[in-house]
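So the structure is just underneath, and the comments pick up after that.
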């Protein structure tokens, strides 16, 4: 049977040949693991994704949750899938063994997550939000809070959300109005409204643990006065079971273009003055804590976007191999029809999808490997460097995959032609589902400002320096193979362009001012994305070139495909940074100077 979620041969290549994740078992935290345990987890994820998530992907899209009697109702298959995910241990997989986890490396965990995103991103959102909320609580909650709330989240009885956005503020979190009123018992009463809260209400779990940002009365204005609170749907009794409602009200459901199986909610907190919240960590440090969850969610968005692009690619590839239409250009109308994959333009679109899909997965898995290095690297210096590089790449991971995962889905529709535009084939849903990813967890524009305005200069540009060091090493290694030497030269030239652009923009902050520089932050983000993905494609090509001479017959075509996709990306996509660099270094103000009354 054709694989329609992820090409397992590619996944093995990326994990074991490119990233060498087996070496993680040499670290104390992962010492109980092996290639066999990693493969078993991946196989379990694939099986559950295919059997419990994928079959209702279309049904969930056609039967989105409904608002009835103040509750949100989902199709029953969503709950069944949730339980399968939880019972397999994926909610707790990366946690300590003593807490019921498997101490699974994040790299393997994210690879497993990829199957669920590819199978049914809407249903997958519920457990992945819970995983992220649990991680936030684990990192910043008190011992009592973790003992009370984490176990039911890790075993699947409770779910979790992140409640940030408010109707009047959008992404401008410093303008939030939700209030936290201190009480004599140390709790708070929460009063306010939140919007676009994914999973904010559902009928899947016994309770929902909202991670809510609010401002304690008297706290400073802006982001410096934001605190973080645990706000459950139901308060707990002495035994830790859901008891009375906590005055969290579903005000309505939002109706989305895609991603329809995930409830998108409008929530009211404290309409009756009885919404209890519990402060996490220190007051006024809530945004810093929440970024722990937000950054994890941004990597998760990247995985989802890449794998939606990936499954669309596999569906269109299968269609192209089996759809007869037309004849070769040399046939002059004679002979029988040929599969459309034999037409050059179809192969172009498939190759472009392959470059985006496999490049996107490589980007996400590399980021996951950095996360493992931040916590289990061999020494403090390597852990610190991994953190700097992960910080730098997080906006790239979120935005590049969102942008080009959508582009891959658009191309998949085009490969299918008229059939792709109908709901009789799934590729149009993949596009609609993926179109959310450039928007949520910070729009691509916000990611561009984060990258150019903060991450490039963080700690003296340590992340950017670490990136250049690793790119230089990849270029040097690629020079040793005839197949990759020309690509190495291309990337080396691009590295000069990227370095010069970064230097010019850094100087322009002082000379031209931040408004002029930041006006084109999105262009800079795309330039960096192209550069980073080109580096990852060069690494893939080098591994393939090294393996080809001794490859078995079945693997020869796979490795040749890797080389060709790398050639495509570095020849067709990477050169576009030259034009982008000219615009950026010239501080082009075409968009900035456009006046409102000219539209």
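In the numbering used here, the protein residues as written are 339 to 937. Glycine included, each C-beta is placed from N, C-alpha and C at the ideal position.
DSSP state of residue i mapped onto helix, strand, coil
i           : result
residue 624 : helix
residue 357 : coil
residue 428 : coil
residue 805 : helix
residue 391 : helix
residue 573 : strand
residue 582 : strand
residue 721 : helix
residue 339 : Low local confidence applies: a pLDDT of 47 at residue 339 is under 50, so the model's placement there is unreliable, with the coordinate-based value given in what follows. In the structure shown, residue 339 sits in coil (DSSP, three-state: anything other than H, G, I, E or B).
residue 776 : coil
residue 346 : helix
residue 536 : strand
residue 786 : helix
residue 676 : coil
residue 764 : coil
residue 963 : Residue 963 cannot be examined here, being either before or after the span of the chain that is shown, 339 to 937.
Alpha carbon of residue i to alpha carbon of residue j, nearest angstrom
i           : j           : result
residue 391 : residue 522 : 46 Å
residue 863 : residue 472 : 30 Å
residue 498 : residue 479 : 14 Å
residue 455 : residue 384 : 11 Å
residue 899 : residue 631 : 37 Å
residue 557 : residue 520 : 12 Å
residue 765 : residue 849 : 48 Å
residue 448 : residue 500 : 20 Å
residue 656 : residue 688 : 11 Å
residue 691 : residue 883 : 21 Å
residue 339 : residue 514 : Only weak support exists for where residue 339 lies, its pLDDT of 47 falling under 50; the value from the coordinates is given anyway. Their Cα atoms are separated by approximately 51 Å.
residue 813 : residue 912 : 15 Å
residue 550 : residue 476 : 16 Å
residue 586 : residue 571 : 6 Å
residue 481 : residue 433 : 15 Å
residue 575 : residue 552 : 25 Å
residue 856 : residue 726 : 22 Å
residue 612 : residue 701 : 45 Å
residue 544 : residue 841 : 53 Å
residue 674 : residue 916 : 45 Å
residue 918 : residue 861 : 7 Å
residue 818 : residue 909 : 19 Å
residue 709 : residue 532 : 30 Å
residue 805 : residue 363 : 25 Å
residue 625 : residue 783 : 20 Å
residue 822 : residue 450 : 31 Å
residue 792 : residue 496 : 36 Å
residue 470 : residue 878 : 30 Å
residue 394 : residue 511 : 35 Å
Cβ-Cβ distance between residue i and residue j below 8 Å
i           : j           : result
residue 617 : residue 602 : no
residue 664 : residue 676 : yes
residue 854 : residue 730 : no
residue 647 : residue 759 : no
residue 907 : residue 693 : yes
residue 815 : residue 880 : yes
residue 418 : residue 359 : no
residue 696 : residue 736 : no
residue 905 : residue 825 : yes
residue 322 : residue 621 : Residue 322 is absent from the model: the chain starts at 339 and stops at 937.
residue 650 : residue 528 : no
residue 643 : residue 797 : no
residue 734 : residue 641 : no
residue 518 : residue 568 : no
residue 353 : residue 387 : no
residue 776 : residue 740 : yes
Cross-strand partners of residue i (DSSP beta bridge)
i           : result
residue 531 : 606
residue 405 : 410
residue 616 : 568
residue 659 : Partner(s): none; residue 659 has no beta bridge.
residue 546 : 497
residue 526 : 520, 615
residue 590 : 604
residue 552 : 565
Indicate whether the contact test is met: 3 or more Cβ pairs, each with one atom in the region 428–447 and one in the region 486–506, closer than 8 Å. Yes, they touch.
Between the region 571–586 and the region 735–755, do at least 3 Cβ pairs fall closer than 8 Å? Contact fails: fewer than three Cβ-Cβ distances are below 8 Å.
Does the contact criterion of 3 or more C-beta pairs under 8 Å hold for the region 403–419 versus the region 363–378? Judged by Cβ distances under 8 Å, the region 403–419 makes no contact with the region 363–378, as fewer than three pairs qualify.
I'd like to know if the region 416–426 and the region 456–468 are in contact, where contact means that at least 3 CB-CB pairs between them fall below 8 Å. Contact holds between the region 416–426 and the region 456–468, because three or more Cβ pairs, one in each stretch, are under 8 Å apart.
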